[in-house]
Amino acid sequence: MNPHLTTAPGHGLSVPPRKEGRTRLGVMGGTFDPIHHGHLVAASEVASVFDLDEVVFVPTGEPWQKADKKVSSAEHRYLMTVVATASNPRFTVSRVDIDRPGPTYTVDTLRDLRSLRPNADLFFITGADAMAQILSWKDASDMWDLAYFVGVTRPGHELAAPYHGEGVGLLEVPAMAISSTDVRRRSAAGKPVWYLVPDGVVQYINKYDLYDPHGETGDEPDRQNPDRLPREHGGETQTGRLNNDAVTPRRADISRSFS
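Those letters in the sequence shown? Residues -7 to 251, per this note's numbering, in order.
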């Protein structure tokens, strides 16, 4: 076994040991259109197995892999993520990708978070399907120096990847069988999506008719009204422990609006 790795009890998974004086920050990037229970269970399981202090969810701004596909607005996806994560004090949400102009690339996400959190070791959490394409990502060779990568897989799913090293871990998560694509299709067809996504996200989707097959979505959320939107980790709240204590009441207010 690699001397720089330790084994997580009950998982047979080798993970990096905690470094003295440093925190461990999970980074859950994704389109989150919409965020669902699979994302939340995966983040919670990785946080437990890898002893993470915090998991920050980072909705993509302009997903470069989906340039030819219809994607809900960044504000809608951001707010659904806020609603979904508000009840877990270990979960936070960042606007770094949404507020950065141009296509969203993982390497830029990691660089920004490293700059904001210089004393944190980053653990990037993504799906096994995305992990299989990782070498095609922008500046892929640089990413290994920025974070440890955790690929979450469905039970029985085997990842065929051209790498296996100490910078990558794979973890089975049963709830990953849920997909955002299926949630969108069900919603567009008028089928229930309860229990696939958090209750507040169901209410949000219904309020804004996000996946109306006729394309008649509701109004965009108003970012100009500070009483209606949380600042989460934009501007001055983007430092420290991403200032969770300061933003939690606002997250709770947003969550209560869709419960």
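For every residue, glycine included, the Cβ atom is placed at its ideal position computed from N, Cα and C.
Every alpha helix (DSSP H) stretch that sits fully inside the region 110 to 165 and reaches 4 residues is listed by chain position as 120 to 123, 132 to 135.
Close CB contacts of P205 within its chain, under the 7 angstroms cut and outside five residues either way in sequence, are with A180 (chain order). At a Cβ-Cβ threshold of 8 angstroms, F42 and V7 count as neighbours. Taking C-beta separations shorter than 7 angstroms and ignoring five residues to either side along the sequence, S107 has no partners in its chain. Rounded to whole angstroms, the gap between the alpha carbons of P55 and T84 is 20 angstroms. Under DSSP, F49 shares a beta bridge with M20, V85.
Residue environment analysis places S128 among the exposed positions, since fewer than 16 neighbouring C-beta atoms fall within 10 angstroms of its C-beta. The C-beta of G94 has fewer than 16 other C-beta atoms within 10 Å across all chains shown, which makes the residue exposed. The three-state reading of DSSP puts S6 in strand, counting E and B together.
Buried is the label assigned to R109, since at least 16 other Cβ atoms lie within 10 Å of its Cβ. The C-beta separation of F116 from V88 comes to about 13 angstroms, leaving the pair out of contact by the 8 angstroms criterion. In the structure shown, V63 falls within a coil segment according to DSSP collapsed to helix, strand and coil. Sorting D191, Y200, N198 by C-alpha distance to the C-alpha of T77 places D191 at the top. Leaving aside the five residues that flank R92 on each side, the residues in its chain whose CB is nearer than 8 angstroms to its CB run, in chain order, G53, D100, D104. Rounded to the nearest whole angstrom, the CA to CA distance from P213 to P51 is 16 angstroms.
When the alpha-carbon of T98 is set against those of A120, V165, K130, the nearest one is in K130.
Of the candidates L162, K61, N198, L162 places its Cα closest to the Cα of M123.
Distance from L114 to L17 at the Cβ level is roughly 6 angstroms; contact confirmed, criterion being Cβ atoms closer than 8 angstroms. Closest in C-alpha terms to G21, from the list V47, A39, R10, R146, comes V47. In the DSSP assignment, P184 forms no beta bridge with any residue. Taking the C-beta atoms as reference points, M168 is found nearer than 8 angstroms to G119. Here T173 is exposed, its C-beta having fewer than 16 other C-beta atoms within 10 Å. Judged by their CB atoms, V193 and I90 are not nearer to each other than the 8 angstroms cut-off. Under a 10 Å Cβ-count criterion, E37 is classified as buried, with 16 or more other Cβ atoms of the shown protein chains found around its own Cβ.
A residue is called buried when at least 16 other Cβ atoms come within 10 angstroms of its Cβ; D25 meets this threshold and is buried.
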